[in-house]
Amino acid sequence: MKTLFIAFLVLTLLTNCNMNKKQSIEITIDASQVIHTMKGGMGASWHALYHDIPLENEKYKYPVREIAPRGSAWGGNPPASDISGWSQIKNHASWLGLNFIRVEIDQRMYEPERNQFDWENDEMQALYHILDWSEENGADVFLQQMWGHVEWNAYPGVHPLLSAPKNLDDFASGIATLIEYLTKTKGYTCIKYFCMTNEPPGGPWGYWWDFGDETGSINDAWKRLKEEFDTRGITIPISGPDWTSMPPFEEEKLVFAPYLGSIDIHSYDGVTAEGEATLKQWAEWAHSQNKPFFLTEYGNMKLGWGTDDPAQKSFEAALSNANDVLRALRAGADGVNRWSFTNRGDLDGQWQLIHTFDRETKTYLSEIKPENEAYFGFGIISRFLSKYSSTVSCTVNAPDSVLMSQALLSPAGELSVFLLNQSDKEQVVSLKVENLPGKSLNVYQVTKELVANPGFQLNPIQSFKAVKAGKVVLPARSITTISSYLIKFQENGIILQ
Numbered sequence: 098m099k100t101l102f103i104a105f106l107v108l109t110l111l112t113n114c115n116m117n118k119k120q121s122i123e124i125t126i127d128a129s130q131v132i133h134t135m136k137g138g139m140g141a142s143w144h145a146l147y148h149d150i151p152l153e154n155e156k157y158k159y160p161v162r163e164i165a166p167r168g169s170a171w172g173g174n175p176p177a178s179d180i181s182g183w184s185q186i187k188n189h190a191s192w193l194g195l196n197f198i199r200v201e202i203d204q205r206m207y208e209p210e211r212n213q214f215d216w217e218n219d220e221m222q223a224l225y226h227i228l229d230w231s232e233e234n235g236a237d238v239f240l241q242q243m244w245g246h247v248e249w250n251a252y253p254g255v256h257p258l259l260s261a262p263k264n265l266d267d268f269a270s271g272i273a274t275l276i277e278y279l280t281k282t283k284g285y286t287c288i289k290y291f292c293m294t295n296e297p298p299g300g301p302w303g304y305w306w307d308f309g310d311e312t313g314s315i316n317d318a319w320k321r322l323k324e325e326f327d328t329r330g331i332t333i334p335i336s337g338p339d340w341t342s343m344p345p346f347e348e349e350k351l352v353f354a355p356y357l358g359s360i361d362i363h364s365y366d367g368v369t370a371e372g373e374a375t376l377k378q379w380a381e382w383a384h385s386q387n388k389p390f391f392l393t394e395y396g397n398m399k400l401g402w403g404t405d406d407p408a409q410k411s412f413e414a415a416l417s418n419a420n421d422v423l424r425a426l427r428a429g430a431d432g433v434n435r436w437s438f439t440n441r442g443d444l445d446g447q448w449q450l451i452h453t454f455d456r457e458t459k460t461y462l463s464e465i466k467p468e469n470e471a472y473f474g475f476g477i478i479s480r481f482l483s484k485y486s487s488t489v490s491c492t493v494n495a496p497d498s499v500l501m502s503q504a505l506l507s508p509a510g511e512l513s514v515f516l517l518n519q520s521d522k523e524q525v526v527s528l529k530v531e532n533l534p535g536k537s538l539n540v541y542q543v544t545k546e547l548v549a550n551p552g553f554q555l556n557p558i559q560s561f562k563a564v565k566a567g568k569v570v571l572p573a574r575s576i577t578t579i580s581s582y583l584i585k586f587q588e589n590g591i592i593l594q
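Count along the sequence shown starting at 1, add 97, and that's the number in this note's numbering.
Here's what the structure looks like:
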C-alpha cells in the first residue's frame, strides 16, 4: 500500500510539472516563398489643412453637420512659419519610418475662386513642408483631396464643404493644374497616387458628395478627371472609391474602375476575420485588374471616439490597430495608412501619434513629444517595414485568438516578423526561419507597462542567429517584432532598404 501511495504521488507530481511547463507556439518562416509584393508601405495621415473656417450653415438649404464637419483633418500641425515645430514633426516622421503617407488637402487651399490659384498661402506652405520631407526621405505620397469646400463650384443650396462639384470640367481642370504645379513647377516626384474625394456615398457610410435638389453620379467625376489627366499627360494613378467603413466587395458597383489606377477603402470598426476576408476580396480583384489595393484609413471607433476622447491614443487601440495591419497584410494589401499622424485631439477623438496641440489653451506646443502608447504601438511595426516589401510564408500552430503573425522580406532581403499577442496570457514562441542564411535576428517588444515609462527606448532585448530556432517570450497583450534590422532607439525607421 505504501509503495502504491508513493507511485501515485510521483505520478501526480510529474503530471503537475507537465501541466505547468509552458508549451511553445511554433512559427516557421520560409523567406524564399513570396506571397505578395507590396506597391506601397505603412504610414499615417498627415494633413495640410490649418484654418478654422466658420460654417455659416444658416445660408444653406443643405447644411453641413455642426459637429466635426471636417472630421479631424485640420489643425493638427502648427503654423507653417513655426520652423522649430515642423522640424520636430519631421524628426518624428523619420523615427517612425513613415513611407506611405496619405496627405490631405482641399480645393479651397489652392483654387479659392474659379481659375484663380494661390500657391503661396500658409496651408500650401504646410503642404510643401510635408512634400519636402517625403521627397527628401523617399516616402510615397497618396495625395488626398478631402472635399472641394469652394462656393464657386457648389450645387445651389448645398454647403460648399458638403457639395459635389457642379461643373466637372472646372473640377477636373483645377485638380490637374494642381498636379502639374506640384510635379512640374515644384518638381516633386514623391506623389504616387491621387484621390479626388474622401469617403463619398457608396459604402456603408458616406458624406462629402451631395447634389442637393439635383441628381448626379460620382462616376462621371472619376471619368472626367481621368480624361483630363490623360489629355495633360498626367500619369499619376487616380485612386478610389475611398469608401468607408469596410465596404463589402460588390463588383457590380465598380463600373468606375476603368478610370482608376488604384483601389482604396477605409475601416473603422477593427478588422475581424470577416473583415480580413472582405479585404482579401478587394485585394484579389484589384490585383486581377493590375491595380494596387490600399487600406488608406483604419482605426477602431468601437473603443471610443469624439471630441477629446482619449481611447484612440491608448495601448488598447494600438493592439487593435496592429491586428488591422496584420490582417490587411495577410489579405494582400499593398499599403496601410493609420488615422492619423498629427491631430488636434479635440475634434473627433485623440487620434494623434504625437502631441502638437494643447487642448486646454487651444495653442500649439513648443515641444512636441510622442503619445507613448500610440507612438510606440505603431512604431514597433512601422520602423521595421520597408516599402515595397514582400509577404512571405509564415505558418503558426496557434489560432489568431492566441497569436497573430506576419513575415515580410524587404527589397534588400531583410526579414521582419510581427507578432501580436492579444491574449491575457504570456506565450512562448519557437521561431524557425528557412532560407535566410547569414542573418542575425533582433527582438523588439512593447507592452502598455513598458511604454508607460516616460524614458522608454525601443531597443533590441534579445538576438539570435536565423539558422537556429529562437525562443522568444511574448508578454500578455504585447506587440513584438523579430527583425534582421538592427535599429537602435536613436536611429530612424526604415523607408526603403
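Glycine included, C-beta positions come from ideal geometry on N, C-alpha and C. Computed from a prediction, not measured in an experiment: that's the story for all the values here.
When you compare only the Cα positions, how much space is there between residue i and residue j?
i	j	result
tyrosine 632	proline 508	No statement about residue 632 is possible, as the shown extent of the chain runs from 98 to 594 and does not include it.
proline 345	leucine 482	28 Å
glycine 182	alanine 223	12 Å
leucine 400	valine 569	30 Å
alanine 370	arginine 424	8 Å
histidine 144	phenylalanine 438	9 Å
aspartate 620	aspartate 317	Here the chain has residues from 98 to 594 only, and residue 620 is not among them.
glutamine 241	serine 121	45 Å
leucine 146	asparagine 174	8 Å
methionine 501	serine 560	21 Å
leucine 380	glycine 429	Note that residue 380 is alanine in the sequence shown, not leucine. Taking the straight line from one Cα to the other gives about 6 Å.
methionine 135	threonine 393	14 Å
glutamate 523	glycine 367	23 Å
glutamate 201	asparagine 234	19 Å
leucine 593	alanine 566	28 Å
tryptophan 216	tyrosine 582	41 Å
proline 496	serine 184	43 Å
aspartate 307	proline 262	9 Å
asparagine 113	tryptophan 302	With a pLDDT of 42 at asparagine 113, under the threshold of 50, the modelled position of that residue is not reliable, and the figure given next carries that caveat. Approximately 54 Å, taken between the alpha carbons.
serine 342	lysine 187	30 Å
glycine 138	phenylalanine 390	11 Å
phenylalanine 586	isoleucine 465	17 Å
arginine 321	serine 527	55 Å
serine 231	isoleucine 333	16 Å
arginine 167	glycine 299	19 Å
Comparing the C-beta of residue i with each C-beta of chain D, is any distance below 8 Å?
i	result
phenylalanine 291	As a matter of chain content, chain D is missing from the structure shown, which is built from one protein chain.
Can you tell me where the beta strand (DSSP E) holding residue i begins and where it ends?
i	result
isoleucine 579	575-580
tyrosine 225	Tyrosine 225 -> not in any beta strand (DSSP E); alpha helix (DSSP H) instead, spanning 219-234.
lysine 323	No beta strand (DSSP E) contains lysine 323, which is instead part of the alpha helix (DSSP H) from 315-329.
glutamate 201	197-202
arginine 435	432-435
histidine 189	Taken as a continuous stretch (DSSP letters only), histidine 189 belongs to no beta strand (DSSP E), being part of the alpha helix (DSSP H) at 180-193.
threonine 393	390-395
Figure out for me which residue from the options has the closest Cα to the Cα of residue i.
i	options	result
serine 463	Glu155, Glu163, Pro176 and Met135	Pro176
serine 171	Gln213, Ala374, Leu193 and Trp244	One detail in the question is off: residue 171 reads as tryptophan in this sequence, not serine. It is Trp244 whose Cα lies nearest to the Cα of tryptophan 171.
leucine 426	Ile150, Ser479 and Gly299	Ser479
leucine 571	Ser581, Pro534, Val499 and Ser417	Val499
glutamine 447	Lys281, Asn418, Thr404 and Ser417	Thr404
valine 131	Ala504, Ile579 and Asn589	Ala504
serine 169	Leu444, Ser231 and Ala430	Leu444
threonine 577	Gly535, Ser537, Leu533 and Val525	Val525
asparagine 420	Ser575, Gly590, Thr280 and Tyr157	Ser575
tyrosine 290	Ile331, Ile584 and Ala190	Ile331
lysine 459	Leu547, Arg441 and Ile465	Arg441
glutamate 588	Ser580, Ser231, Leu193 and Gln378	Leu193
glutamate 155	Phe239, His246, His256 and Ala251	His256
isoleucine 288	Lys466, Tyr225 and Asn556	Tyr225
isoleucine 558	Val564, Asn539, Ala573 and Leu547	Asn539
Just reading off the alpha helix (DSSP H) that residue i is part of, what are its end residues?
i	result
alanine 372	A small fix is needed here, since residue 372 is glycine in this sequence, not alanine. Where glycine 372 is concerned, the enclosing alpha helix (DSSP H) stretches over 370-385.
lysine 466	Looking at the DSSP string, lysine 466 is not in any alpha helix (DSSP H); the run it does join, the beta strand (DSSP E), is 460-467.
histidine 246	That residue, histidine 246, is in no alpha helix (DSSP H); it is neither H nor E in DSSP.
asparagine 589	Taken as a continuous stretch (DSSP letters only), asparagine 589 belongs to no alpha helix (DSSP H), as it is neither H nor E.
valine 548	545-548
glycine 271	265-277
Throw me the rounded Cβ distance for the residue i and residue j pair, which I believe falls under 8 Å.
i	j	result
asparagine 397	aspartate 339	About 19 Å; that fails the 8 Å criterion.
phenylalanine 326	isoleucine 335	7 Å
glutamate 373	alanine 128	Glutamate 373 to alanine 128, Cβ: 23 Å. No contact.
phenylalanine 475	alanine 236	Actually they are not in contact, since the Cβ atoms of phenylalanine 475 and alanine 236 sit about 15 Å apart, beyond 8 Å.
leucine 64	tryptophan 319	The structure shown does not extend to residue 64, since the chain spans only 98 to 594, so no value can be given for it.
isoleucine 360	lysine 388	5 Å
valine 595	isoleucine 126	Nothing about residue 595 can be read from this structure; the chain reaches only from 98 to 594.
Answer yes or no: the CB of residue i versus the heavy atoms of the ligand NAD, is any distance below 7 Å?
i	result
serine 487	Inclusion of the ligand NAD in the displayed structure is not the case, the ligand content being empty and no account of it being possible.
Would the region 526-546 count as touching the region 160-174 if we require 3 or more Cβ pairs under 8 Å? no
Does the region 431-448 touch the region 498-516, meaning 3 or more C-beta pairs lie closer than 8 Å? no
Three-pair Cβ contact test at 8 Å for the region 436-455 versus the region 549-563: no
So does the region 458-478 actually touch the region 404-411, counting three or more Cβ pairs closer than 8 Å? yes
Is it true that the region 270-288 meets the region 207-226, where meeting means three or more beta-carbon pairs spaced less than 8 Å apart? yes
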